[in-house]
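Beneath this line is the structure, given in structure tokens, with notes to follow.
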Amino acid sequence: MAGGGHDSTGGLRWLLTYADLITLLLAFFIVMYASSKSDLERFHEVVAAIQRGFGVGVNILPAGGGTGILPEQGRGTIPLPELSQRSKDFIAISEILAARTAAQGTGRFVAVNMRREGIAITLSGALLFPSGGTELSPESIEILDEIARFLAPLPNQIRVEAHTDDLPTNDPRYPTNWELSVARAVTVVRYLIEHGNIQPERLIAVGRAEYDPLFPNDSREHRALNRRADIVILYPPEEEEGPSKGLDLPIRTPAAKSRNP
17 MAGGGHDSTG GLRWLLTYAD LITLLLAFFI VMYASSKSDL ERFHEVVAAI QRGFGVGVNI
77 LPAGGGTGIL PEQGRGTIPL PELSQRSKDF IAISEILAAR TAAQGTGRFV AVNMRREGIA
137 ITLSGALLFP SGGTELSPES IEILDEIARF LAPLPNQIRV EAHTDDLPTN DPRYPTNWEL
197 SVARAVTVVR YLIEHGNIQP ERLIAVGRAE YDPLFPNDSR EHRALNRRAD IVILYPPEEE
257 EGPSKGLDLP IRTPAAKSRN P
């Protein structure tokens with residue numbers, strides 16, 4: 017009997033210890049939740065932006081926080097004042113392209129960067145073209161198709177910039193890297209028009225030769241990184257010229273400007 021009474025008292029003691037432990041754990045998780053609330057809101061905002069990126073009816077509305085690229089519908093449901101609209105677009109585009117290239121194993125050939133004039137999708141030259149050539153490689157077709165599906169609903173102008181390294185060409189059709197880079201930019205532009213259903217008036221082809229390198233052309237690795245193509249989603253011109261007053265002005269193409277001097 018005495019032994020039985022001893023076991024009962026011990027059981028009560030461990031229940032008190034267990035209750036204290038549960039209380040401490042509850043307090044810990046409350047503090048963790050409170051400190052991560054802003055990150056949680058940011059996560060939900062990114063997810064919402066990605067979902068909108070797959071939708072239709074995309075529009076650009078200049079606003080005081082900077083012109084965006086992704087759809088405006090549904091924005092503001094989760095406040096995120098610490099990020100500008102352009103920053104949110106950059107995060108969403110990065111997430112979208114990461115998701116679409118992960119299954120193909122081509123993610124290491126694609127990078128997304130913010131610029132003053134827009135958001136640049138950089139594609140490695142090793143993915144796009146054979147050495148010294150201008151024909152798209154089979155591996156590049158799938159990633160260009162994915163990018164085109166993302167770009168097609170957007171109203172923005174798109175500038176395709178092709179870059180080379182500093183090695184001389186060995187093809188008489190392209191006496192210098194200027195001709196080679198322009199031909200590569202035109203190849204990407206034509207693909208986006210013919211296979212990506214992107215309107216020709218939205219596209220600009222630019223060849224930069226070896227004169228805008230990411231790194232000095234002093235090694236094989238640096239030259240490989242400098243050979244690339246940038247697909248730049250441009251912000252509306254009025255946003256670059258001055259602060260927006262909230263007017264949804266149409267994007268003027270170079271052709272339209274020439275017709276209306």
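This note's numbering applies: residue 17 is where the sequence shown begins, and numbers increase by one. By construction, the Cβ of each residue, glycine as well, lies at the ideal position given by its N, Cα and C atoms.
Tell me the rounded alpha-carbon separation between I135 and A221. On the sequence shown, position 119 is the one that residue 135 refers to. On the sequence shown, position 205 is the one that residue 221 refers to. The straight-line gap from Cα to Cα measures roughly 16 Å.
Quick check: the Cα distance between R131 and R239, rounded to an integer number of angstroms? Against the sequence shown, residue 131 aligns to sequence position 115. Against the sequence shown, residue 239 aligns to sequence position 223. Each residue's alpha carbon lies about 22 Å from the other.
Between E155 and Y251, which are expected to be in contact by the criterion C-beta below 8 Å, what is the C-beta distance as a whole number of angstroms? Locating residue 155 in the sequence shown gives position 139, counting from the first residue. Locating residue 251 in the sequence shown gives position 235, counting from the first residue. About 31 Å; that fails the 8 Å criterion.
Classify R243 as helix, strand or coil using the three-state DSSP reduction. As a first step, residue 243 is located in the sequence shown; it is residue number 227 there, counting from the start. Residue state, collapsed to three classes: coil.
Under the rule that 16 or more other beta-carbon atoms within 10 Å means buried, what is I157, buried or exposed? Numbered from 1 along the sequence shown, position 141 holds the residue referred to as residue 157. Counting C-beta atoms within 10 angstroms of its own C-beta, I157 has fewer than 16 neighbours from the protein chains shown and is therefore classed as exposed.
Looking at C-beta atoms only, is the number of pairs between the segment 191-199 and the segment 164-173 that lie closer than 8 Å three or more? The answer is no - the segment 164-173 does not touch the segment 191-199, with fewer than three Cβ pairs under 8 Å.
Identify every run of the beta strand (DSSP E) within the segment 106-170, keeping only runs that are complete inside it and at least 3 residues long; order them along the chain. 126-130 and 134-140
Is there contact between the segment 176-183 and the segment 200-210, where contact requires at least three CB pairs shorter than 8 Å? yes
Decide if Q101 is buried, meaning its Cβ has at least 16 other Cβ atoms within 10 Å, or exposed. Counting from 1 along the sequence shown, the entry for residue 101 is found at position 85. It is buried - the Cβ of Q101 has at least 16 other Cβ atoms within 10 Å.
For the alpha helix (DSSP H) that contains L208, what are its first and last residues? As a working note, residue 208 is residue 192 in the sequence shown. Here the alpha helix (DSSP H) through L208 covers N193 to E210.
A221 - containing beta strand (DSSP E), residue span: Sequence index remark: in the sequence shown, residue 221 carries index 205 (1-based). Looking at the DSSP string, the run of the beta strand (DSSP E) that includes A221 is L219 to G223.
Are A245 and G223 close, meaning C-beta to C-beta below 8 Å? Numbered from its first residue, the sequence shown carries residue 245 at position 229. Numbered from its first residue, the sequence shown carries residue 223 at position 207. Not a contact, by the Cβ cut-off of 8 Å.
Using the beta-carbon count (16 or more within 10 Å), is P188 buried or exposed? Counting from 1 along the sequence shown, the entry for residue 188 is found at position 172. The residue in question, P188, is exposed, as its Cβ has fewer than 16 Cβ neighbours within 10 Å.
Measuring alpha carbon to alpha carbon, tell me which residue in G148, N213 and D182 is nearest L160. Taking the sequence shown and counting its residues from 1, the one referred to as residue 160 is at position 144. The option with the nearest alpha carbon to L160 is N213.
When the Cα atoms are used, what is the spatial distance from T124 to T150? For the purposes of this step, residue 124 is taken as the residue at position 108 of the sequence shown. For the purposes of this step, residue 150 is taken as the residue at position 134 of the sequence shown. First, the residue type needs correcting, since residue 124 is Arg and not Thr in the sequence shown. Distance between the alpha carbons of R124 and T150 is about 21 Å.
Cβ-Cβ distance between L113 and V128 below 8 Å: Sequence index remark: in the sequence shown, residue 113 carries index 97 (1-based). Sequence index remark: in the sequence shown, residue 128 carries index 112 (1-based). For L113 and V128, yes; Cβs fall inside 8 Å.
Give every residue of the same chain whose Cβ lies closer than 6 Å to the Cβ of P229, excluding the five residues on either side of it in the sequence, and list them in chain order. Sequence index remark: in the sequence shown, residue 229 carries index 213 (1-based). N242, listed in sequence order.
Report the three-state DSSP secondary structure of R175 (helix, strand or coil). Within the sequence shown, the letter at position 159 stands for residue 175. R175 falls in the strand class under three-state DSSP.
Among residues of its own chain, excluding the 5 on either side of T203, which ones have a beta-carbon nearer than 7 Å to its beta-carbon? Translated into the one-based positions of the sequence shown, residue 203 becomes position 187. Excluding residues up to 5 positions away in sequence, T150 and L152 lie with their Cβ nearer than 7 Å to the Cβ of T203 in the same chain.
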